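J.: Structure in structure tokens, see below.
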Amino acid sequence: MSNRLFRDRRDAGRALVGSLEPYRDRDDVVVLGLARGGVPVAYEIAKSLGAPMDVFLVRKLGVPGRSEFAMGAIASGGIAVINDDVVSRLGISPEVIQRVADRESRELLRREHAYREGRPMADFAGKTVILADDGIATGASMRAAIKAVRALGPSHVVVAVPTAPGSTCEELRREVDEVVCAATPSPFFAVGESYRDFAQTTDEEVRDLFRAAV
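In terms of full-length UniProt numbering, the sequence shown opens at residue 1 and continues consecutively.
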């Protein structure tokens, strides 16, 4: 039930490093930032641990007319995770889900090209992957990322986030090898409540941090 206020995403990334010390200076560790907001967090983790950083794309599938409300998510590699509870409760048809997924897939591909600038994705086979984001609310985006990364054959998957509901952290512990949450506010209202500066991360910032980390 800890509350903590971070200055910005990079400050939040630095706050996670102390809990990730066992992964410092190891040649089998890759830090993966969920674009866009997770990239500044991942950059600081990777820099401190002496590990390479890569960028991973996840797009929320928003309910039509309520785009902030996730009915699922898609991730790099064509992986989709659907929130069955939301879909059944709101009576959302498969056609509507497909239409939203198609639109978000196009945006995901656009960002892949914009951020990578032709660089291939890191090889995760047999590696320990630290999945970093700026926070978790429903967990839909992180679950899509976990599912997609698992398909690439890592030996271990670690989730590292500055802020999330305690219940979500506990649920994710059943899906990965370790979960590190710097703060678990209760009650939890929104990820942005844990930040002084929660301005949207831009494409340019993601690209610049990725270049600096390579």
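Glycine included, every Cβ here is placed at the ideal spot set by N, Cα and C. This one's a predicted model, so the numbers in the text were calculated from it and none came from an experiment.
Could you round the C-beta distance between G72 and L61 to whole angstroms and report it? I think they count as a contact, below 8 Å.
T.: Taking the first residue of the sequence shown as 1, we reach residue 72 at position 72. Taking the first residue of the sequence shown as 1, we reach residue 61 at position 61. Indeed they touch by this definition, with Cβ atoms about 4 Å apart.
J.: Beta-carbon within less than 6 Å of H156's beta-carbon, same chain only, minus the 5 sequence neighbours each way: which residues are those?
T.: If you number the sequence shown from 1, residue 156 lands on position 156. So the list reads T128 and D177, once near-sequence residues are dropped.
J.: Go to L34, then tell me how far its beta strand (DSSP E) extends in each direction, as first and last residue.
T.: Taking the sequence shown and counting its residues from 1, one reaches residue 34 at position 34. That run of the beta strand (DSSP E) goes V29 to A35.
J.: Measure the alpha-carbon distance for N83 versus I45 and round it to whole angstroms.
T.: Your numbering for residue 83 matches position 83 in the sequence shown. Your numbering for residue 45 matches position 45 in the sequence shown. Near 30 Å, if we compare the C-alpha coordinates of I45 and N83.
J.: To which residues does DSSP link T128 through a beta bridge?
T.: Position 128 of the sequence shown, counting from 1, holds the residue named residue 128. V29 and H156.
J.: What residue from P64, L131, S88 and L108 has the CA that sits closest to R99's CA?
T.: Reading the sequence shown from its first residue, position 99 is the one you call residue 99. It is P64.
J.: Are the CB atoms of A199 and D4 within a distance shorter than 8 Å?
T.: Sequence index remark: in the sequence shown, residue 4 carries index 4 (1-based). Sequence index remark: in the sequence shown, residue 199 carries index 199 (1-based). Just to set this straight, residue 4 is Arg in the shown sequence, not Asp. Against a cut-off of 8 Å, the Cβ pair of A199 and R4 comes out as no contact.
J.: Who does T163 pair with in a DSSP beta bridge?
T.: Residue numbering aside, residue 163 sits at position 163 when the sequence shown is read from its first letter. Answer is A183.
J.: Assign A164 to one of two classes, buried (16 or more other C-beta atoms within 10 Å of its C-beta) or exposed (fewer than that).
T.: The residue given as residue 164 occupies position 164 in the sequence shown. Flag for A164 reads buried.
J.: Take V69 as the anchor and find which of G78, G37 and R59 has the nearest alpha-carbon.
T.: The count along the sequence shown starts at 1 and reaches residue 69 at position 69. The amino acid occupying residue 69 in the given sequence is Phe; Val does not appear at that position. Checked all of G78, G37 and R59; the closest Cα to F69 is R59.
J.: Secondary structure at M121, three-state DSSP: helix, strand or coil?
T.: Within the sequence shown, numbered from 1, the residue matching residue 121 stands at position 121. M121 falls in the coil class under three-state DSSP.
J.: Of all the options V17, G37 and A12, which has the alpha carbon lying nearest to the alpha carbon of R207?
T.: Here residue 207 refers to the residue found at position 207 when the sequence shown is read from its first residue. Minimum Cα distance to R207 is reached at G37.
J.: Are there 16 or more other CB atoms within 10 angstroms of the CB of E104, so buried, or fewer, so exposed?
T.: One-based indexing of the sequence shown puts residue 104 at position 104. By the 10 Å Cβ count, E104 comes out buried.
J.: Would you mind reading off the limits of the alpha helix (DSSP H) that contains A42?
T.: Your numbering for residue 42 matches position 42 in the sequence shown. A42 -> alpha helix (DSSP H) spans G38 to L49.
J.: Compare the C-alpha of S141 against each of D27, G118, A80 and G126 and name the closest.
T.: Here residue 141 refers to the residue found at position 141 when the sequence shown is read from its first residue. S141 has its Cα closest to that of A80, out of D27, G118, A80 and G126.
J.: Whole-angstrom Cβ separation of R196 and R66, contact assumed at under 8 Å?
T.: Residue numbering aside, residue 196 sits at position 196 when the sequence shown is read from its first letter. Residue numbering aside, residue 66 sits at position 66 when the sequence shown is read from its first letter. With 8 Å as the limit, R196 and R66 do not qualify as a contact, their Cβ atoms being about 28 Å apart.
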